[in-house]
Each structure stands twice: as structure tokens, then as C-alpha cells.
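Student:
Protein chains: 2
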Amino acid sequence: MKSRKLYNRIAVLRKERNISRKELAEIIGVNFQTVGYLEREEYNPSLDLAFKISEYFGLPIELIFSTEPLKPLIEEIIELKNKIGGQ
Amino acid sequence: MKSRKLYNRIAVLRKERNISRKELAEIIGVNFQTVGYLEREEYNPSLDLAFKISEYFGLPIELIFSTEPLKPLIEEIIELKNKIGGQ
DNA sequence: ATTTTTTGTTGTATATTTACAATATTTTAT
DNA sequence: ATAAAATATTGTAAATATACAACAAAAAAT
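Line by line, the protein sequences are chains E and U.
Numbers given in my numbering equal positions in the first sequence, counted from 1, plus 47.
Numbers given in my numbering equal positions in the second sequence, counted from 1, plus 47.
Right, here's the structure in full:
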């Protein structure tokens, strides 16, 4: 099965926590270059690795990974604010 | 990275929809034997395949796949009923 | 009861993910 | 400005996921 390219927010989430790829890599138990590949979306993680990343960030997989290109978080926030504010 | 064994509810969910492995396989675009391997938990799906399965069932990945052995759905229901009923 | 469909099993081949190393480039700290 | 740390790039090797085939066993349908 030709795998679709998946998108992710690993780089941004990692930046927000102020940790390096090396540190994240150690936590989730992979080589630090593997984190690089994932952030550059050069390949998709295994489901197990996706779970580890999801566990570390404390976020559901769907919020980190997506089959659709991901909008910047700031835009998501604005959209949500508009939705709520409009009540 | 040695991948952890993951657990899933594909077989039960598929039974509930009354479709065969062959049919599910066609829908998600894999060989029907691959569905067999997944149901028997002989290997983990790729993240992309997990997304496809999640899309077909209309359920989040976390409800289908887990790093912990999964309880039968019926038990989950009982636990939820107890939680709510106890209010 | 027998045919058909579904599922399980085993084996081999290919594709994708991950590890690892070496070096270049960029960013950050001093 | 220079040193140190972080990231990018490239290539090779290993592990895991997927495809596919052939056949056995079990379940469902007739």
C-alpha cells in the first residue's frame, strides 16, 4: 500500500516546550535524526511511535498528525475565537 | 526502535458492521490478508493505515488502537453506566 | 450434506520506517 | 567573532509493514 504523506506539528509543539530534537528523541526512545525526518515529514512514524509522541505531549494523535496539511496553531485559535465570540 | 505490540478492536468493530475482511480491505485499500494480520495483532499498522481505519469506522484512533490490552466493549459500557448512574 | 465464503497459516518479495555515521550548514551562546 | 549546540543532508544497513500466493480449516449458506 502506497502510504499517503502525513502532516504533523511535532516541530512547533517541541519548540513550545523548548526542548531539542536530541532531548525529545531520548524521551520517546528513537535516534535524534529520526525526529528530524519526522519533523521534515520525510516519512511517517509507525503507529507505536505516534503513540509515544502523543503520550509525551499529552495530546491525542489527531491533534498532532493529520492527513491534511495543518494550519498554524495561531490560525486555529483565531477560528475558534470567532466561533465562540459569535454567540 | 523495537516497536511495542499494540492492541486493537478492528475485529469487533468489523463484526458490528457485518462486513468481511475482504470488504474492509477493499475499502481501506489493503490486501485482505493484511486485515487478518492486524486483527490477530501480528503486526501494527502504519500511522497512515490507522488513519484510514479510523476514517472508515468514524472513530478516533485512540478508540480503536491502544498500547494497553483492550477490554471488551461491553465492559467499557458497564463501567460508564456505573459512573453516570452513581450521580 | 455439500458448496461457498470467510478466516488462518506459512512462506517469499517489496516497501517503508528506523538506526546510525559522517559531514555541512545554521543558530545560539559566549 | 568565535565556539558550541542544533539542525540538515546523504548514504547504508536493519527492522517492520505490506502484498501476494497457495493451501488448510472453520463458518455460513444453500
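Cβ coordinates follow ideal geometry from the N, Cα and C atoms, glycine included.
Fair warning: this is a prediction, and the values are worked out from it, not measured in the lab.
(1) State yes or no: is the C-beta of Leu53 of chain U within less than 8 Å of the C-beta of Ser113 of chain U?
(2) For Phe79 of chain U, write down the residues that DSSP places opposite it in a beta bridge.
(3) Does the pairing of the segment 113 to 133 of chain E with the segment 63 to 74 of chain U give three or more beta-carbon distances under 8 Å?
(4) For Ile124 of chain U, is the classification buried or exposed, using 16 other Cβ atoms within 10 angstroms of its Cβ as the cut-off for buried?
(5) From which residue to which residue does the alpha helix (DSSP H) around Ile96 of chain E run?
(6) Anything in the segment 56 to 74 of chain E with a Cβ closer than 8 Å to a Cβ of chain U? List those residues in chain order, please.
(7) With a CB to CB cut of under 8 Å and the five nearest residues on each side skipped, what residues in its chain are close to Tyr90 of chain E?
Tutor: By the coordinates alone:
(1) yes
(2) According to DSSP, which records beta bridges pairwise, Phe79 of chain U is partnered with nothing at all.
(3) no
(4) exposed
(5) Checking the sequence shown, residue 96 of chain E turns out to be Leu, not Ile. Leu94 to Phe104 is the extent of the alpha helix (DSSP H) around Leu96 of chain E.
(6) Taken residue by residue, none of the segment 56 to 74 of chain E has a beta-carbon sitting less than 8 Å from a beta-carbon on chain U.
(7) Tyr84
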